[in-house]
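Participant:
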Amino acid sequence: MVNPKQYASFDNMCKSNASNIINEFAKDLKNISGKCMDVGCGPGDITKNILLPVLNPKATMIGTDIMENVVEYANKTYGDKERLEFEVLDIQTKNLPEKYISKFDHIFSFHALQWCNDIRQMFENIYCILRPGKTMLILSIAHCKALYEPLEIMAQDLRYAPYMGDKKKYVGSFHYSARPREELKELLEDIGFQVHHCSLREMSNCTSTEIFMSMVTSQYTFEFLDKMPHNLREEFKNELEHMFTEIKVKQYKDRLGNYKLHDEKKGTNIPAEYTVLVVYAQKNVA
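Final position of the sequence shown in this note's numbering is 277; the numbers increase by one with none missing.
1. Using only CA atoms, which one of Phe213, Ser209, Tyr243 lies nearest to Tyr(-2)?
2. Is it right to say Lys176 is buried, meaning 16 or more other beta carbons lie within 10 angstroms of its own, or is it exposed?
3. Suppose the cutoff is 8 Å on Cβ atoms and the five residues either side in sequence are ignored; what does the same chain contact list for Glu59 look like?
4. Take the Cβ of Ala347 as the centre, count every other Cβ of all protein chains shown within 10 Å, and call the residue buried at 16 or more, exposed below.
5. Where does Asn8 land, buried or exposed, given buried means 16+ other C-beta within 10 angstroms?
6. By the three-class DSSP mapping on this structure, what secondary structure does Glu73 have?
7. Can you tell me where the beta strand (DSSP E) with Thr266 in it begins and where it stops?
8. For the stretch 144 to 202, which segments carrying the beta strand (DSSP E) assignment without a break, of at least 3 residues, lie completely within its bounds, in sequence order?
9. Quick test of the definition: if touching needs 3 or more C-beta pairs under 8 Å, does the stretch 224 to 232 touch the stretch 98 to 107?
10. Just the C-alpha distance for Glu264 and Asn86, rounded to the nearest angstrom, thanks.
11. At what residue ranges does the stretch 37 to 82 contain a whole run of the alpha helix (DSSP H), taking only runs of 4 or more?
12. Around the C-beta of Lys274, are 16 or more other C-beta atoms found within 10 angstroms, so that it is buried, or is it exposed?
13. Indicate whether Cys5 and Met206 have their beta-carbon atoms separated by less than 9 Å.
14. What does a CB cutoff of less than 8 Å around Ser10 pick up in its chain, not counting 5 residues either side in sequence?
15. Is the beta carbon of Asn108 closer than 9 Å to that of Gln147?
16. Using DSSP with H/G/I as helix, E/B as strand and the rest coil, what is His97?
17. Within a Cβ cutoff of 6 Å, which residues of the same chain sit near Asn66, ignoring the five residues on either side of it in sequence?
18. Taking three-plus beta-carbon pairs below 8 Å as touching, is the stretch 17 to 28 in contact with the stretch 231 to 239?
19. Assign Thr362 to one of three DSSP states: helix, strand, or coil.
20. With distance defined between alpha-carbon atoms, name the residue in Leu191, Arg150, Phe114, Lys72 nearest to Ile12.
21. Using C-beta distances below 7 Å, list every residue in its chain close to Met194, excluding the 5 sequence neighbours before and after it, in chain order.
22. Quick check on the DSSP output: the alpha helix (DSSP H) that includes Met113 runs from which residue to which?
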């Protein structure tokens, strides 16, 4: 089910968010001319078409992802062996390869780090990868009730639990936090970063439920679907879609004061509400 081509065809939400953040920080990025990394690059379309063009023409980029087949797709589709290539890397590894340590001038990551369970290890690795004084720009989902909470419930369901494993894998690290911005800023400063920007932003996504689910289930976190019998897999996807729609409809109604919706049953085009953390930070020079 980890399908990079399918994910790339459905990731308009990710492209839009990445473009907006890149435009916001364009002045900080345009003069970067060294070696950069896109962590959790997925199929590579955003790396190639959105991130690389904003940098100085002398800049080079390595996209990294945990999935080998995703990296193969990205190299075949977008790699050019001059300015852009893709490599397999688990950003949560406790054994960071020597070739990455203090070798990079900037790190990007968009819509990927919310799936990391050990966020301290992940940010410590990013800190190690950066050269002294160099920077990172991160966008990660904090709260997403309509997605995280159904997954948490389903991971405890006897039908799905043997395939899904630990429920913590499916809930973002900051989903239940009342102070995600403050907690993240404190963590980064404790590691050694100078945090120039850290914000929590309310977002909404109007992508249809069907398309959103196709995008979500194409990711590494959902590779367990490959191990399910076909009937159980379809049951899982239908149930997840139903719960996702049910929660986002309720959120929308609550926000509008229970205003009657035109399409209460399906709710397919009702926006899903979520929050993101945006960080621009720098590794200490010392």
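Every residue, glycine too, gets a C-beta built ideally from N, C-alpha and C.
Facilitator: In short:
1. Here the question's residue -2 lines up with position 7 in the sequence shown. Of Phe213, Ser209, Tyr243, the residue nearest in Cα terms is Ser209.
2. In the sequence shown, residue 176 corresponds to position 185, counting from 1. Burial call: buried.
3. Here residue 59 corresponds to residue number 68 of the sequence shown, with the count starting at 1. Closer than 8 Å at Cβ, skipping near neighbours: Val79.
4. Any property of residue 347 remains undetermined from this structure, which presents the chain solely from -8 to 277.
5. For the purposes of this step, residue 8 is identified with residue 17 of the sequence shown, where counting begins at 1. Result: buried.
6. For the purposes of this step, residue 73 is taken as the residue at position 82 of the sequence shown. Here Glu73 sits in coil by DSSP.
7. Stepping through the sequence shown from its first residue, residue 266 is reached at position 275. For Thr266, the uninterrupted beta strand (DSSP E) segment begins and ends at 263 to 274.
8. Within the stretch 144 to 202, the complete beta strand (DSSP E) segments of 3 residues or longer fall at 184 to 196, listed in chain order.
9. The stretch 224 to 232 is not in contact with the stretch 98 to 107.
10. The count along the sequence shown starts at 1 and reaches residue 264 at position 273. The count along the sequence shown starts at 1 and reaches residue 86 at position 95. Approximately 37 Å, taken between the alpha carbons.
11. Segments of the alpha helix (DSSP H) lying fully in the stretch 37 to 82: 59 to 69.
12. Mapped onto the sequence shown, residue 274 falls at position 283. Buried, by the Cβ-count rule.
13. The residue you call residue 5 lines up with position 14 of the sequence shown. The residue you call residue 206 lines up with position 215 of the sequence shown. Contact flag set, yes.
14. Here residue 10 refers to the residue found at position 19 of the sequence shown. Closer than 8 Å at Cβ, skipping near neighbours: Ile41.
15. In the sequence shown, the residue the question calls residue 147 occupies position 156. In the sequence shown, the residue the question calls residue 108 occupies position 117. Not closer than 9 Å, so no.
16. Here residue 97 refers to the residue found at position 106 of the sequence shown. Strand at His97.
17. As a first step, residue 66 is located in the sequence shown; it is residue number 75 there, counting from the start. Excluding residues within five positions, the ones whose Cβ falls inside 6 Å are Phe77.
18. Taking 8 Å as the limit for Cβ pairs, the verdict is that the stretch 231 to 239 does not touch the stretch 17 to 28.
19. This structure does not reach residue 362, given that the chain is present from -8 up to 277, and the question cannot be answered.
20. For the purposes of this step, residue 12 is taken as the residue at position 21 of the sequence shown. Comparing alpha-carbon positions, the option among Leu191, Arg150, Phe114, Lys72 lying closest to Ile12 turns out to be Leu191.
21. For the purposes of this step, residue 194 is identified with residue 203 of the sequence shown, where counting begins at 1. The answer, listed in chain order, is Tyr265, Thr266, Val267.
22. As a first step, residue 113 is located in the sequence shown; it is residue number 122 there, counting from the start. Run containing Met113: 110 to 120, per the alpha helix (DSSP H) assignment.
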